[in-house]
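Colleague: Residue numbers (the working numbering): 34 to 628.
(1) Please work out which residues of its chain come closer than 6 angstroms, Cβ to Cβ, to residue 245, disregarding the five sequence neighbours upstream and downstream, and give them in chain order.
(2) Just to confirm, are residue 166 and residue 196 a CB contact at a threshold of 8 angstroms?
(3) Once the 5 residues before and after residue 378 are set aside, which same chain residues still bring their CB inside 8 angstroms of it?
(4) Would you mind listing the beta strand (DSSP E) stretches within the segment 499 to 563 that are 3+ residues and don't spill past its ends, in chain order?
(5) For the alpha helix (DSSP H) containing residue 91, list its first residue and its last residue.
(6) With 16 as the cutoff for other CB atoms within 10 Å, does residue 373 come out buried or exposed?
(7) On the CB-based measure, 16 or more other CB atoms within 10 Å of its CB, does residue 280 come out buried or exposed?
(8) If distances are taken between C-alpha atoms only, which option among 504, 507, 490, 500 comes closest to residue 523?
(9) Residue 575 and residue 482: beta carbons closer than 8 angstroms?
(10) Take the Cβ of residue 517 as the centre, count every other Cβ of all protein chains shown within 10 Å, and call the residue buried at 16 or more, exposed below.
(11) To the nearest angstrom, report how far apart residue 304 and residue 399 are at their CA atoms.
(12) Which of the three DSSP states is assigned to residue 170 in this structure?
(13) Check the C-beta distance from residue 182 over to residue 169 and give it rounded, since I have them as a contact under 8 angstroms.
(14) Going by C-alpha distance, which of 553, 525, 352, 382 is nearest residue 366?
(15) By a C-beta neighbour count over all protein chains shown, 10 Å radius and 16 as the cutoff for buried, is residue 150 buried or exposed?
(16) Identify every residue that forms a DSSP beta bridge with residue 647.
(17) Which first and last residues belong to the beta strand (DSSP E) in which residue 440 is found?
(18) For residue 407, is the classification buried or exposed, using 16 other Cβ atoms within 10 angstroms of its Cβ as the cut-off for buried?
(19) Nearest to residue 389 by CA position, among 590, 321, 152, is which residue?
(20) Within its chain, find whatever has a CB closer than 8 angstroms to the CB of residue 438; leave out the 5 residues flanking it on each side and keep chain order.
(21) Within 10 angstroms of its Cβ, does residue 492 collect 16 or more other Cβ (buried), or is it exposed?
(22) Which residue wins for smallest C-alpha separation from residue 218, given the options 263, 103, 312?
(23) If we ignore side chains and look at the alpha-carbon of each, how far apart do residue 110 and residue 221 end up?
(24) Return the chain-ordered list of same chain residues with a C-beta closer than 6 angstroms to the C-beta of residue 207, the five sequence neighbours on each side being excluded.
(25) Tell me which residues share the same chain as residue 416 and place their Cβ nearer than 6 angstroms to its Cβ, disregarding the 5 neighbours each side in the sequence.
(26) Can you tell me whether residue 577 is helix, strand or coil according to DSSP?
(27) Determine the contact status of residue 558 and residue 594, defining contact as a CB-CB distance below 8 angstroms.
(28) What's the gap between the Cα of residue 384 and the Cα of residue 362?
(29) My assumption, with CB atoms under 8 angstroms, is that residue 422 sits in contact with residue 302. Please give the rounded CB distance.
(30) Measuring only the C-alpha atoms, how far is residue 125 from residue 81?
(31) Grab the span of the beta strand (DSSP E) containing residue 623 for me, first residue to last.
(32) Taking its Cβ as the centre, do 16 or more other Cβ atoms sit within 10 Å of residue 4, making it buried, or is it exposed?
Okay, structure coming up:
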């Protein structure tokens, strides 16, 4: 059976957008109407099941807003993670809206993988009685753009469900297209149900008042300080910029503290902070020189030099730029690599190269400024796991970041945001930031539950926050941290803090893996396997497992080790271990923050 997806629609971000006041008024009226129906004892005639697959929290946020919008229109609504729904439960639903991100190269996000496996089974129930629509979140810089949404959309259709609205695939600036899709779908469902069509764009996240009118509860949009967002970041004072790793380390890991002042931002341990970077002026100058511009040019009244500093991604080449350069310079090295048709070879060739490298490779055929600008993607904020707890540090957010630097004396390269913070923000200077909540990644709700944290390198960031949270709340659950890096002498970040937490009885176990301190490399997964009996005992005692860090290798190796631990202790084979871990996922006892 073919799983090739149908073509989805991609709504441009400059599509018409309702005024905030009109959206609020529409939602307010709809909320009153819905409240009147509830008061008269009239239950909603249609219930919308919003199923979400999320990696960083965006899809879950949109799901909550969809439920709010449904309730504002007099419909019933509930949001559920995809992995929490069985095929049998799905077959019993009448109206389903799916909101899902795509993880990595076309994979399902962590809380949707089990659902996807289940609905591919030959015994899965038919869905002829179900109406559905899919919203995909993704990034066009990846080849498998919004692939998770495309696959689910196709599979629902194959199982006989009726599509009530075309799928929409959103790029990283998802807010406007998601809002338009949400309004269109909900208005249609409300009209078909004979309910009150009311709120439109704001239901999908453009404004908190509709959320309140819809009665969705404490969604992200209604959090204190939620007025600070991608469109309106908070100018936070960078209060601390401190080197954590040794100057002799091969890495440069820094500790940052952002002053929240009177912003009202309320964060949770496990959330992320989005940092809005500014490109390096020196690199901007080199790029302008390469395209024969002097920097005094303007676009729509904005100086080009400012546009390149604050609005365009000038380090990582876009797919559109690669395609344009191949066409312009068919004899270039890039064109030769692309001609082979090997995606992995192209990825290897592009790794470490930036826009300037590609322009130089194209030689005289390289585009000028006017031709280059349309092929530069918007400069995006960078998200970092928060390494503090609001119970311990309510007025500041801490980040733990490795500065990206590589190259040679002839050409040095630098990470956009990491070196912006490290080098170009003056002491007590301001940085534009906004909160990225992650409701699925936090300390256990049960204070007595054991917590197992696996985070090498800067993956320790959220777990520092978790430990501070446990200490401040007086939680009684045991805490076990697996941490590692290259060398203990130079890379043991937060050593003093972790030692103190051990002495206080907060950190019960600390297993360290410094890979290059001995002839044979040792990693966190090595320590997990060494402690298999004790680790399994913690799992059997209700332990929650958290993983943070590199997705491409570390997270996969850690999961493999975890499965090995379970299989060896239970003695029932690999399928049983997979089922055991799947149950942990469903119970939110195995969660990851990987990138």
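Backbone N, C-alpha and C fix where the C-beta goes; we use that ideal spot for every residue, glycine too.
Modeller: The short version:
(1) Its pLDDT being 27, under 50, residue 245 is placed unreliably by the model, and nothing is read from it.
(2) yes
(3) 370
(4) 512 to 518, 542 to 547
(5) 91 to 105
(6) exposed
(7) exposed
(8) 490
(9) yes
(10) By the 10 Å Cβ count, residue 517 comes out buried.
(11) 42 angstroms
(12) strand
(13) 3 angstroms
(14) It is 382 whose Cα lies nearest to the Cα of residue 366.
(15) exposed
(16) The structure shown has nothing for residue 647, since the chain only spans 34 to 628.
(17) Start and end: 438 to 441.
(18) By the neighbour-count rule (16 or more Cβ atoms within 10 Å), residue 407 is not buried but exposed.
(19) 321
(20) For residue 438, same chain residues with a beta-carbon under 8 angstroms away, outside a window of 5 residues either side, are 285, 445, 446, 447, 448, 452 in chain order.
(21) buried
(22) Among 263, 103, 312, the Cα nearest to that of residue 218 belongs to 103.
(23) 15 angstroms
(24) 170
(25) 305, 307, 469
(26) strand
(27) yes
(28) 20 angstroms
(29) 5 angstroms
(30) Looking at the two C-alpha atoms, the distance is approximately 12 angstroms.
(31) 623 to 627
(32) Nothing about residue 4 can be reported from this structure: the residues present for the chain run from 34 to 628 only.
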